[in-house]
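Quick mapping for you: the protein sequence lines, in order, are chains A and B. The opening position of the first sequence corresponds to residue 1 in UniProt numbering, with each subsequent residue numbered one higher. The opening position of the second sequence corresponds to residue 1 in UniProt numbering, with each subsequent residue numbered one higher. All C-beta atoms, glycine included, are put in the ideal place defined by N, C-alpha and C. All figures in this text were calculated on a predicted structure; none of them were measured in a lab. For reference, the structure discussed in these notes is given below.
2 protein chains.
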Amino acid sequence: MNFKKVPLTAIRRLSIYARMLAGLEADGKQQVSSRDLGETASIPSTQVRKDLAYFGQFGKRGSGYSVKELGFRLRKILGIDRAWNVALVGAGNLGRALFSYPGFSKQGFRIVAVFDNSPGKVNKSWKGTRIQSIKELSKTVREKNISIGIVAVPASGAQEVADEMCKAGIKAVLNFAPKRLKVPTGCMQANVDLAIELENFSYYLSKLR
Amino acid sequence: MNFKKVPLTAIRRLSIYARMLAGLEADGKQQVSSRDLGETASIPSTQVRKDLAYFGQFGKRGSGYSVKELGFRLRKILGIDRAWNVALVGAGNLGRALFSYPGFSKQGFRIVAVFDNSPGKVNKSWKGTRIQSIKELSKTVREKNISIGIVAVPASGAQEVADEMCKAGIKAVLNFAPKRLKVPTGCMQANVDLAIELENFSYYLSKLR
């Protein structure tokens with residue numbers, strides 16, 4: 001299996017399937033069909049089977065998948081069968097919300113360091129995590145083996161933070177600032193634009209009028 | 001053009017193009033090719049042309065698109081050429097961050113009402129917006145012509161809030177709680193799972209090891 005050939009959208013759907021499976025396992029379910037797996041997320045069963053087929057053979061024709069085994073394998077494929085250390089830059093409202101977001105640690109993403117450049121925030125503490133000066137980024141990334149960075153600063157400072165992160169050896173940057181960033185080769189980046197979901201709504205709502 | 005036939009992923013990409021165009025317009029650019037439009041977002045030019053073709057003829061073969069005109073038309077298609085009133089339920093850290101998120105109002109989404117069920121929060125004020133009891137939801141949705149709701153409460157209370165929203169006449173629910181919700185026919189819903197983006201990273205980072 002050549003992992004480069006798997007479309008990003010399929011990886012995204014694997015995450016959704018992994019969540020469904022965790023829910024089913026908690027409910028005590030043992031087997032699940034591709035139809036049931038896709039249904040809650042409005043994904044056709046043919047798509048579910050195609051997505052899984054990128055990664056080999058799962059389950060038996062006609063009897064569906066073992067909830068436990070498929071869940072285990074998807075978590076392994078997604079790299080969430082282990083913990084990842086994350087640095088958060090930006091200790092404002094959004095940073096605070098992300099720091100407290102239970103969905104990250106649930107999937108093994110641990111925010112182990114928080115940075116800001118405001119003297120009023122540096123050395124304050126969030127649940128035992130000291131807010132550090134951005135100048136300490138490189139050193140902390142090495143010491144704490146951090147591979148992922150979250151940018152939660154205003155748009156105007158976001159590119160600079162991303163540059164610092166990649167220079168410090170962070171391999172993947174998740175950006176919440178409403179601005180597209182450029183990162184050097186060897187560093188990945190993704191934008192979370194919270195308004196895009198609302199625009200899906202406004203598109204459909206406009207048609208209803 | 002039958003709007004139901006346009007895939008959701010295409011609408012999402014239209015939002016990305018609209019952002020690119022706004023940036024280009026601010027930079028004083030007049031024309032743009034489908035290749036340039038897709039490039040920053042790593043979308044192939046064939047896909048850009050296909051996405052736009054759902055909505056008719058834009059630009060001229062060979063000379064690209066007028067930045068201003070295409071931007072105007074995409075904003076109209078996406079329904080962001082006007083304002084939408086939004087209700088936010090959940091006045092915790094995440095709610096506060098979403099309330100302050102500049103990306104919403106920039107695209108015309110105005111959080112005009114905030115609700116919580118905690119007596120310690122109700123009647124407090126955020127930049128002039130009084131935090132209301134969830135009991136006032138229906139009345140406020142009518143009075144303020146609110147069509148979109150944002151759920152920023154813990155997972156355990158999310159379904160109940162979504163139910164209340166749909167009952168109150170809200171047509172689209174954006175859920176930030178790490179839990180899939182069910183909404184009745186006539187009400188749309190979308191989940192924002194902030195960890196999914198990180199899982200794209202962990203998938204690729206696992207392969208690098």
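Using DSSP with H/G/I as helix, E/B as strand and the rest coil, what is K144/A?
Three-state DSSP puts K144/A in coil, outside helix and strand.
Name, please, each residue of chain A whose Cβ falls closer than 9 Å to the Cβ of D193/B.
Near D193/B (Cβ distances below 9 Å), the residues of chain A are S15, I16, R19, G103.
Which first and last residues belong to the beta strand (DSSP E) in which S133/A is found?
Start and end: 129-133.
Determine the extent of the alpha helix (DSSP H) in which Q47/A is found, giving its start and end residues.
Start and end: 45-53.
Can you pull the chain A residues whose beta carbon is under 8 Å from the beta carbon of F109/B, in chain order?
Near F109/B (Cβ distances below 8 Å), the residues of chain A are A195, L198, S202.
Check N200/A in the structure and name its three-state DSSP category.
N200/A falls in the helix class under three-state DSSP.
For E69/B, count neighbouring Cβ atoms within 10 angstroms of its own Cβ and tell me buried if that reaches 16, exposed if not.
Exposed is the call here.
Hey, V89/A and V183/A: beta-carbon distance below 9 Å or not?
Going by C-beta atoms, V89/A is not nearer than 9 Å to V183/A.
Drop a sphere of 10 angstroms on the beta-carbon of N200/A, count the other beta-carbons inside from all chains shown, and report buried for 16 or more, exposed for fewer.
So N200/A counts as buried.
Could you have a look at I77/B and say whether DSSP puts it in helix, strand or coil?
In this structure, I77/B counts as helix in the three-state DSSP scheme.
Would you identify the three-state DSSP class for V67/A, choosing helix, strand or coil?
Note: V67/A maps to helix in three-state DSSP.
I148/A touches chain B at which residues, Cβ-Cβ below 9 Å?
Within chain B, the residues near I148/A are L198, F201, S202, L205.
What residue range is occupied by the uninterrupted beta strand (DSSP E) comprising L181/A?
Per DSSP, L181/A belongs to no beta strand (DSSP E) and is neither H nor E.
What residues from the region 161-195 of chain A come within 7 Å of chain B, judged by C-beta to C-beta, listed N to C?
Answer set for the region 161-195 of chain A: K171, A172, L174, P178, R180, M188, A190, V192, D193, L194, A195.
With a cut-off of 9 Å, does the C-beta of L94/B fall near any C-beta of chain A?
Taking Cβ atoms only, chain A reaches closer than 9 Å to L94/B, which makes this a yes.
Where does G56/B land, buried or exposed, given buried means 16+ other C-beta within 10 angstroms?
The residue in question, G56/B, is exposed, as its Cβ has fewer than 16 Cβ neighbours within 10 Å.
I'd like the span of the alpha helix (DSSP H) that includes Q159/A, first residue to last.
Run containing Q159/A: 155-167, per the alpha helix (DSSP H) assignment.
Quick one: what's got a C-beta closer than 6 Å to C166/A's C-beta in the same chain, skipping five residues either side?
Answer for C166/A: V183, P184, C187, listed in chain order.
If you compare alpha carbons, which of G128/B, V32/B, S118/B is closest to I111/B?
The candidate whose alpha carbon is nearest that of I111/B is G128/B.
For a contact defined as C-beta to C-beta under 7 Å, what are the partners of I11/B on chain A?
Near I11/B (Cβ distances below 7 Å), the residues of chain A are N200, Y203.
Taking only three categories from DSSP, how would you classify N117/A?
Coil.
Straight-line CA distance for L205/A to P154/B?
Cα to Cα, the separation comes out at about 27 Å.
Return helix, strand or coil for I150/A, following the three-state DSSP convention.
Looking at I150/A - three-state DSSP - the assignment turns out to be strand.
Under 9 Å, Cβ to Cβ, is there at least one residue of chain B near I43/A?
Chain B, which has no Cβ nearer than 9 Å to the Cβ of I43/A, makes this no.
To which residues of the same chain is V67/B closer than 8 Å at the C-beta, ignoring the five residues directly before and after it?
Closer than 8 Å at the Cβ level, and outside the excluded window around V67/B, lie L21, L24, E25, K29, Q30, Q31, V32.
Whose Cβ in chain B lies nearer than 8 Å to the Cβ of K106/A?
Simply P178, A195.
Answer yes or no: does any C-beta atom of chain A fall closer than 9 Å to that of V114/B?
Chain A contact via Cβ: absent.
Are V86/A and E197/B closer than 9 Å when you measure CB to CB?
The answer is no: Cβ separation not under 9 Å.
Does the beta-carbon of G108/B have 16 or more other beta-carbons within 10 angstroms, so that it is buried, or is it exposed?
The residue is buried, with at least 16 neighbouring Cβ atoms inside 10 Å.
Going by other Cβ atoms of all chains shown within 10 Å of its Cβ, with 16 needed for buried, is P178/A buried or exposed?
When all chains shown are included, P178/A counts as buried.
Say whether chain A places a C-beta atom closer than 9 Å to the C-beta of A91/B.
No, because no Cβ of chain A sits closer than 9 Å to the Cβ of A91/B.
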